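Before any comments, here is the structure.
Numbering (our numbering), first residue to last: 18 to 187.
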């Protein structure tokens, strides 16, 4: 599954890079994009919190597992909130939509693909937290470890997206 996800993101990143600078009309990335520092800090920090939650579950420290899983969810939600604020600003203030130009099309496609994976991860983390609150996570450390790997993958993809879109692509 991770190989498929890797291939999918690779295609979207390559498309973004290929079409960078080829829009015939504005706005351009340098005109409208700002570095999403806070959202990046939140998302990358969530890799630490999910790792702590994973270790807590392996050690059968269920209360600690619940606290760190909740922290991971909150950090992921803040990342999505910041993404929504960025999109609102781009659409309302900068008039950049998915149909504006090639930049808009590739930007919203790539960042939106990543955001959808964050939503999926948050859904699974929330289900794990609910099961933890119900007392049903004992013996589920291996399954949660796989979820943590997925979350780390989503974070690693963000490092690539951040670099390509907000650093190189600007």
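Beta carbons: idealized from backbone N, C-alpha and C, even for Gly. No experiment lies behind these values; they were computed from the predicted model shown.
I need the straight-line Cα distance from residue i to residue j, nearest angstrom please.
| i | j | result |
| --- | --- | --- |
| residue 18 | residue 162 | 15 Å |
| residue 151 | residue 83 | 11 Å |
| residue 71 | residue 158 | 7 Å |
| residue 86 | residue 37 | 37 Å |
| residue 156 | residue 35 | 47 Å |
| residue 131 | residue 146 | 22 Å |
| residue 74 | residue 141 | 16 Å |
| residue 107 | residue 166 | 32 Å |
| residue 170 | residue 109 | 31 Å |
| residue 88 | residue 172 | 15 Å |
| residue 21 | residue 187 | 28 Å |
| residue 133 | residue 28 | 16 Å |
| residue 160 | residue 69 | 15 Å |
| residue 95 | residue 125 | 19 Å |
| residue 51 | residue 185 | 12 Å |
| residue 105 | residue 129 | 13 Å |
| residue 137 | residue 164 | 10 Å |
Take residue i and list the residues in its own chain whose beta-carbon comes closer than 8 Å to its own, dropping the five residues that flank it on each side.
| i | result |
| --- | --- |
| residue 53 | 99, 100, 103, 179 and 183 |
| residue 30 | 127, 177, 178 and 181 |
With residue i and residue j assumed to form a contact (beta carbons below 8 Å), what rounded beta-carbon distance in angstroms separates them?
| i | j | result |
| --- | --- | --- |
| residue 168 | residue 64 | 7 Å |
| residue 143 | residue 49 | Wrong, their Cβ atoms sit about 32 Å apart, outside the cutoff. |
| residue 139 | residue 79 | With a Cβ gap of about 20 Å, residue 139 and residue 79 do not count as contacting. |
| residue 97 | residue 135 | 6 Å |
| residue 24 | residue 123 | Not really, about 17 Å apart at Cβ, beyond 8 Å. |
Could you name the residues of the same chain whose beta carbon sits closer than 7 Å to that of residue i, not counting the 5 residues immediately before and after it, in chain order?
| i | result |
| --- | --- |
| residue 81 | 73 |
| residue 113 | 44, 49, 107 and 121 |
Could you name the residues of the same chain whose beta carbon sits closer than 6 Å to that of residue i, not counting the 5 residues immediately before and after it, in chain order?
| i | result |
| --- | --- |
| residue 148 | 154 |
| residue 66 | 85, 88 and 89 |
| residue 26 | 174 |
Are the C-beta of residue i and some C-beta of chain D separated by less than 7 Å?
| i | result |
| --- | --- |
| residue 69 | Reference to chain D is not applicable here, since this structure consists of a single protein chain. |
Cβ contact (3+ pairs, closer than 8 Å) linking the region 40–59 and the region 108–125: yes
The region 23–43 touching the region 56–75, judged by at least three CB pairs closer than 8 Å: no
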